[in-house]
Amino acid sequence: MCRPAACSAWCPRGRRAHEPAADPRGPDALQRGEPAGPRPPLAAGHRAGAAAQRPGQLRRHRQPRRRTHAARGADRASRTVDAAVAARPRLARSRDRRPAGPGLRRPADPRPRRTHLGAQRPRHHAAADRDGPDGWPTAARRRRHRRAARPGRPARRLANPAAAHRRRPRRSPAGARRPPPDRDRLRGGARSGAPTGALGRPARRIGRHPRPHSRSRPGGLTVLRFIRFGTELRRFSRSRMQRLAIVAACLIPLLYGALYLWAFWNPTGHLDRIPVAIVDQDTGATKDGTAVHAGRDLTDELVRTGTLQWHTTDGATAHEGLVSGDYYAVLTIPAGFSQALTTAGTDHPRQAPLQVQYNDANGYTTRTILSTVMKEVRSGASDAIGAQLVDKLLIGTSDIRAGLVSASDGAGTLSTGADSAHSGAATLTDGLARLDTGAGQLANGADSAATGAHTLADGTGRLADGSATLATGAGQVASGASSLATGADQAHQGAQQLATGLDTLTAKTQGLPAATQRLATGSAQVAAGNKQLADKASVAAGKIATASTDVRAVLATLPADDPRVQQAYAALARVDTQTTTLNSQVQALSTGAQQVADGNAQLAASATALSSGIAAADQGANSLATGTGQLADGARTLSSGASSVAQGAGQVHDGAVRAHEGSTALATGLDTLASGAHTLADGVRSARTGSSTLTEGLGRLADGARTLSSGLHDAVGQIPSMDRDTQQANADMMSAPVSLDSAWVHQAAANGEGFAPYFMGLALYVGVLITWMLLRPVSDRSLAAPVPALRVVLASWLPGAVVAVLQVAALLAVLVLALGLHLAHPLATIGFTLLVGLTFLTLQQTINVLLGPAVGRVVVLVLLMLQLTSAGGTYPALTTPSFFQAIHGWLPMTHVVNGLREAITGDLGVQFHAAVAYLVVVIALSLVASTWSAMRRRVWTVQRLHPEVSI
């Protein structure tokens, strides 16, 4: 049966067109939401089947409709529901306080709905019996309507009479359509979107309005599904809160991803915010007269670079800050740091130690990051100090090179002196050669003088014969007596001059044998000194070669591609070459000096023979002078007896002539002897000059030799003498001059122990979240009872507390017994974990009570996300952006992580007690807020009965 007031222009019941009856409220009553008045009477055609208009259909419409047993049972169930709804008292409502009963219209919702075309339409019944979006019955209802209206065809009997309301719509006794009985409607209203029920949103009673039967289309089911999908989304556009719920659902993944990436985008790029203490206890050292303060230099360099937030302090303050969490690590430079660095290149090298202390109670990940940074600090210090050590090694090599250069200069001076000695020796050789020539000429002159003397002796013999003849013939002798006397005088004078010259030559050559002997002795000493010098130069060359080998062994431990190492190799090669050259020159000098000594010995022997010959010549000259004197006396005697020898004057004259010729020859020989004597004097003078030059050159040679010996001695002293172990120790020390010793105030046994506080807090928070999904934060039945609000809150809190305690027990049992988690303070850990579980339980209960289950759960998830990104459980909160640092100290998870770290790994210090106090305050404030919210929830509102968003 249809209502003409809302029927269309075509009614399939009467098979004719009719006009709808006028509504006494006006044509726009439905849109204005005015209450319905008395139901208008039905048209006659609808009561009698419209017999007057359609005669052919009169018989069919006059037949009563057959009603099945299931339909009658459904009508009785509908009347029972209406009676139960009318008998139930209603609570306070904000808009409608009039009772609802059968046959009365409820005021329409002031918030009109809009169709897909924009026109307003009234609200309808529940989803099971709701009309389509355009206000007309759905296709399923029209089909049921047509089947029930066909005359002569019984309705299909249902196997389950109680389910008849799903087949045919119910009707109240007054004729209005009612929804099927539902427990939600009997308990106070349907779920979100159900407008019926005792406490539900008022629904308009609209009768059945069948539409003309439309032919089925192939795509009708797909279109219907799309319409239902659009209707489901359109359900969330009724209020701002519902629209915000859709926006929140779309943005929650974005918030999770964006917050996590924002918080941990680049934590290692903000390590300069992590406070680390540095304690400099180094006292310095001295190396080769230079002060070394490696500890101070390292401290200044670390503070200048700013890799971490370095704080220079003393040892006690640093230890207290490490325990309390003010510092994440302490780097200590011990007292012997600089002293250890000065042992490089000695027989007992030592690495310079650095000591670092960690506290895993301040964060395991932080300690891992800091340990990597400390290794980089050690590597940087080792590289810098190693470069300085190599530089000093190269400087030492340069000093060795300078010493060897000095030795080379001394060797050059020695070579120059040797050359000068060689030139002096050559000059001496030339002078001695000229002396030998003069001595030869002198010998020749002496021979000529001897020959003249023999000739003179022959002449005197003949003269004696002539004198005998003269004696027989004195007349002949008288004529030549005067000539003989004159020649005798001249011969006497020449003999005297010869004797005088030979005396002078003898006097001049008396020191020649001694001088040549001293020259031979000095040359022998020079040769012996040069030999010793050559031996020492060979020994020094061997030591230099050994030192060069040691230096090459040290350089082999250094990087081969270092330019300074390559320069050191080149310098060593030059030193080896110069040493070899110098040794060869010294050996050649020793050989030449020996040859000079041998020549000087021969010269000394020749000088002795020459001196003997000159002495013999001197004696001969004296004898000649004596003989000529006697000859002069005889000539005078002859002159006095000229009268007696007159007869032999001719013969004497002849003899005198021959004597004169012999005297002339003797004079010539004596002249030659004088010339040879002068030549010998010149040669001796040249030999003396050469000897002086040789002496001076040999002095310079001795000075150069001493310079060479001193330089080589210094060079050998500067080159350390090391064995294989010492070389290896120095190589190890130079490759890693700084060592790093790590220590812990409190050390986590494993990675799991370091992350346990963070994941335990996360696990308890999620466990409490699941608990409040299963349990109600506040019971509505308890709110309706006359009991204090605190008792209502505790009544819902205690079951959750039991579940939280069980969660804590299960979590600790698995972590300790199964995973082997070591607890430094077991009782404190158990008590604090229970406190954490109760804190999260109370806090989430307060959020759910204040904001409602739907919004509260979203807020709880967002709060979890903020806590995970700002608690510092993985990376330190100081490395996160400023937003997370600002909320770091205000959220519970931060204090949970700090407290569990000290309870599991560290000591029960300031952070643990501060975390306990914070969690107790959170519990107290949460209970106060929950109690206040429970007091407000005793007054029921439409928003509570029909929440805009529910989960």
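In the UniProt record's numbering, the protein residues as written are 1 to 951.
Just so you know, even glycine gets a beta-carbon here, dropped at the ideal spot from N, CA and C.
Is the distance from the Cβ of glycine 754 to the Cβ of alanine 763 below 8 angstroms?
-> Numbered from 1 along the sequence shown, position 754 holds the residue referred to as residue 754. Numbered from 1 along the sequence shown, position 763 holds the residue referred to as residue 763. Cβ atoms of glycine 754 and alanine 763: not closer than 8 angstroms.
Could you work out which residue in Ala514, Asp907 and Val921 is closest to leucine 835 when comparing CA atoms only?
-> Translated into positions along the sequence shown, residue 835 becomes position 835. The residue with the shortest Cα to Cα distance from leucine 835 is Val921.
Looking at alanine 597 and alanine 524, is the spacing between their C-beta atoms short of 8 angstroms?
-> Within the sequence shown, numbered from 1, the residue matching residue 524 stands at position 524. Within the sequence shown, numbered from 1, the residue matching residue 597 stands at position 597. For alanine 524 and alanine 597, yes; Cβs fall inside 8 angstroms.
Would you say the region 310 to 328 touches the region 285 to 298, given that touching needs at least three Cβ pairs under 8 angstroms?
-> no
Taking the C-alpha atoms as reference points, what is the distance between glycine 837 and arginine 936?
-> Position 837 of the sequence shown, counted from the first residue, corresponds to residue 837. Position 936 of the sequence shown, counted from the first residue, corresponds to residue 936. Whole-angstrom Cα-Cα distance: 27 angstroms.
Between the region 872 to 879 and the region 810 to 828, are three or more C-beta pairs nearer than 8 angstroms?
-> no
Do asparagine 583 and serine 548 have their C-beta atoms within less than 8 angstroms of each other?
-> Along the sequence shown, one-based indexing puts residue 583 at 583. Along the sequence shown, one-based indexing puts residue 548 at 548. No, these two residues do not count as a Cβ contact at 8 angstroms.
For isoleucine 333, which residues does DSSP report across the bridge?
-> Position 333 of the sequence shown, counted from the start, is the residue given in the question as residue 333. DSSP, once it has assigned bridges, lists Asp280 as partnering isoleucine 333.
Rounded straight-line distance, which links the Cα of threonine 372 to that of leucine 861 | Along the sequence shown, read from residue 1 onward, the residue named residue 861 stands at position 861. Along the sequence shown, read from residue 1 onward, the residue named residue 372 stands at position 372. Those two C-alpha atoms are separated by around 35 angstroms.
Verify whether the separation of the beta carbon atoms of valine 768 and leucine 868 is less than 8 angstroms.
-> For the purposes of this step, residue 768 is taken as residue 768 along the sequence shown, with counting starting at 1. For the purposes of this step, residue 868 is taken as residue 868 along the sequence shown, with counting starting at 1. Contact flag unset, no.
Alpha carbon to alpha carbon, how far is threonine 829 from alanine 903?
-> In the sequence shown, residue 829 corresponds to position 829, counting from 1. In the sequence shown, residue 903 corresponds to position 903, counting from 1. In a straight line, the C-alpha of threonine 829 is about 5 angstroms away from that of alanine 903.
CB-CB length for leucine 821 against glycine 752, believed under 8 angstroms = By 1-based counting over the sequence shown, the position of residue 821 is 821. By 1-based counting over the sequence shown, the position of residue 752 is 752. About 7 angstroms separates the two Cβ atoms, so the contact holds.
Cβ-based burial, arginine 367 [other Cβ within 10 Å; buried from 16] = Taking the sequence shown and counting its residues from 1, one reaches residue 367 at position 367. The residue is buried, with at least 16 neighbouring Cβ atoms inside 10 Å.
Have a look at the DSSP bridge pairing and note the partners of proline 275.
-> Taking the sequence shown and counting its residues from 1, one reaches residue 275 at position 275. Note: proline 275 sits in a beta bridge opposite Gln309.
Check each candidate in Thr626, Ile614 and Gly599 and name the one with the smallest Cα separation from glutamine 496.
-> Your numbering for residue 496 matches position 496 in the sequence shown. For the residues Thr626, Ile614 and Gly599, the minimum Cα distance to glutamine 496 belongs to Thr626.
Contacting residues, own chain, Cβ-Cβ under 7 angstroms from glutamine 594 (five flanking each side not counted) | Your numbering for residue 594 matches position 594 in the sequence shown. Cβ within range, chain order: Ala527.
May I ask you to report which of helix, strand or coil DSSP gives proline 99?
-> Here residue 99 refers to the residue found at position 99 when the sequence shown is read from its first residue. Because the pLDDT of proline 99 is 43, which lies under 50, any placement of that residue in the model is unreliable, and the number read from its coordinates should be weighed accordingly. Note: proline 99 maps to coil in three-state DSSP.
Identify every residue that forms a DSSP beta bridge with residue 969.
-> One cannot answer for residue 969 here, as it falls past the ends of the chain, which runs 1 to 951.
How about alanine 258: is its Cβ closer than 7 angstroms to a heavy atom in the ligand FAD?
-> With respect to the ligand FAD, the structure shown offers nothing to examine, as it has no ligands at all.
Hey, how far is the Cα of residue 981 from the Cα of serine 870?
-> This structure cannot speak to residue 981, because the chain is shown only from 1 to 951.
Reduced DSSP secondary structure (H/G/I, E/B, other) of tryptophan 932 | Position 932 of the sequence shown, counting from 1, holds the residue named residue 932. Three-state result, tryptophan 932: helix.
Pick from Ala756, Thr771, Ile278 and Tyr875 that is closest to leucine 819, judged by C-alpha positions | Against the sequence shown, residue 819 aligns to sequence position 819. For the residues Ala756, Thr771, Ile278 and Tyr875, the minimum Cα distance to leucine 819 belongs to Ala756.
How would you call isoleucine 246, buried or exposed, if buried means at least 16 neighbouring beta carbons within 10 angstroms?
-> Sequence index remark: in the sequence shown, residue 246 carries index 246 (1-based). So isoleucine 246 counts as exposed.
How big is the Cα-Cα spacing for aspartate 503 and glycine 529?
-> Position 503 of the sequence shown, counted from the start, is the residue given in the question as residue 503. Position 529 of the sequence shown, counted from the start, is the residue given in the question as residue 529. So the two alpha carbons sit approximately 40 angstroms from each other.
Report buried or exposed for leucine 298, applying the criterion of at least 16 other Cβ atoms within 10 angstroms of its Cβ.
-> As a first step, residue 298 must be located in the sequence shown, where it is residue number 298. So leucine 298 counts as buried.
Can you tell which of Leu900, Gly856 and Asp272 has the C-alpha that lies nearest to the C-alpha of glycine 363?
-> Here the question's residue 363 lines up with position 363 in the sequence shown. For glycine 363, the nearest C-alpha among the options comes from Leu900.
Leucine 794 versus Gly852, Gln807, Tyr918 and Ser926, residue with shortest Cα-Cα distance = As a position in the sequence shown, residue 794 is number 794, starting the count at 1. Ranking the options by Cα distance to leucine 794, first place goes to Ser926.
Using beta-carbon positions only, say whether aspartate 272 and threonine 307 come within less than 8 angstroms of one another.
-> Walking along the sequence shown from the start, residue 272 turns up at place 272. Walking along the sequence shown from the start, residue 307 turns up at place 307. Yes, the Cβ-Cβ distance between aspartate 272 and threonine 307 is below 8 angstroms.
Expressed to the nearest angstrom, what Euclidean distance is found between the alpha-carbon atoms of valine 276 and valine 808?
-> Reading the sequence shown from its first residue, position 276 is the one you call residue 276. Reading the sequence shown from its first residue, position 808 is the one you call residue 808. Those two C-alpha atoms are separated by around 35 angstroms.
By DSSP, does histidine 825 sit in helix, in strand, or in coil?
-> Counting from 1 along the sequence shown, the entry for residue 825 is found at position 825. Note: histidine 825 maps to coil in three-state DSSP.
Can you round the beta-carbon distance between leucine 783 and alanine 934 to whole angstroms, since I take them to be within the 8 angstroms contact cut?
-> Along the sequence shown, one-based indexing puts residue 783 at 783. Along the sequence shown, one-based indexing puts residue 934 at 934. The pair is a contact, with the Cβ atoms about 7 angstroms apart (cut-off 8 angstroms).
Does DSSP classify proline 788 as helix, strand or coil?
-> In the sequence shown, the residue the question calls residue 788 occupies position 788. Reduced to three states, the DSSP call for proline 788 is coil.
In angstroms, rounded to a whole number, what distance separates the CA positions of leucine 806 and histidine 825?
-> Reading the sequence shown from its first residue, position 806 is the one you call residue 806. Reading the sequence shown from its first residue, position 825 is the one you call residue 825. Leucine 806 and histidine 825: Cα-Cα distance of roughly 20 angstroms.
If you check the beta carbons only, do serine 338 and alanine 294 fall under 8 angstroms apart?
-> Here the question's residue 338 lines up with position 338 in the sequence shown. Here the question's residue 294 lines up with position 294 in the sequence shown. Yes; because the gap between Cβ atoms is below 8 angstroms, this pair is in contact.
Between the CA atoms of aspartate 741 and tryptophan 932 - distance to the nearest angstrom | Translated into the one-based positions of the sequence shown, residue 932 becomes position 932. Translated into the one-based positions of the sequence shown, residue 741 becomes position 741. Whole-angstrom Cα-Cα distance: 58 angstroms.
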